[in-house]
């Protein structure tokens, strides 16, 4: 079985450099609803049976741009790890603070985030079990931060991963073979 994991296209959204916790939470919501720019990606050719996307618009739009109108299988199991303000503050703080502190809370399973690391790992495991049961070649369109968890859990399930990175570019493909 072969899977091609693709990070969604670049989102047409500009994050505020400084924001209050309320503004940051609004920006997170607006980012999730924003469209993507036109995408050119060199997807390796495989004979696939299914294309999976997250339930978020940017992954479905990416799949449409790369593969045309098809019957995609949309699942929340592939959604990005949700991010929200790590503290409540009316003081404007830099974007890097909100991003890093929220991800640290996620990593340490602090429940002030909408999802903790244990829950993300569980989602990835559920998705991997599903594709292993089907045992078909597939395309997976997902999100950059979630890709790290998905790929590490695929490795634990004896998938051979073509490459791993600290950060995946928009439209970047990773091949996983089982």
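In the numbering used here, the protein residues as written are 54 to 231. Here a beta-carbon is modelled for each residue, glycine too, at the ideal position from N, C-alpha and C. None of these values were measured; they are calculated from a predicted model.
Using a Cβ distance threshold of 8 Å, residue 89 and residue 69 do not count as a contacting pair. If you ignore the 5 residues before and after residue 106, its C-beta comes within less than 6 Å of the C-beta of 112, 113, 116, 125, 127, 194, all in its own chain and listed in chain order. Boundaries of the alpha helix (DSSP H) harbouring residue 81: 74-86, taken from the DSSP string. In this structure, residue 131 lies away from residue 155, with their beta-carbon atoms at least 8 Å apart. For residue 194, DSSP records a beta bridge to 59, 106.
Residue 169 sits away from residue 103, with the two beta carbons spaced by 8 Å or more. Approximately 6 Å separates the beta-carbon atoms of residue 206 and residue 174; this is inside 8 Å, confirming the contact. The three-state reading of DSSP puts residue 229 in strand, counting E and B together. Comparing alpha carbon positions, the residue from 95, 80, 119 closest to residue 151 is 80.
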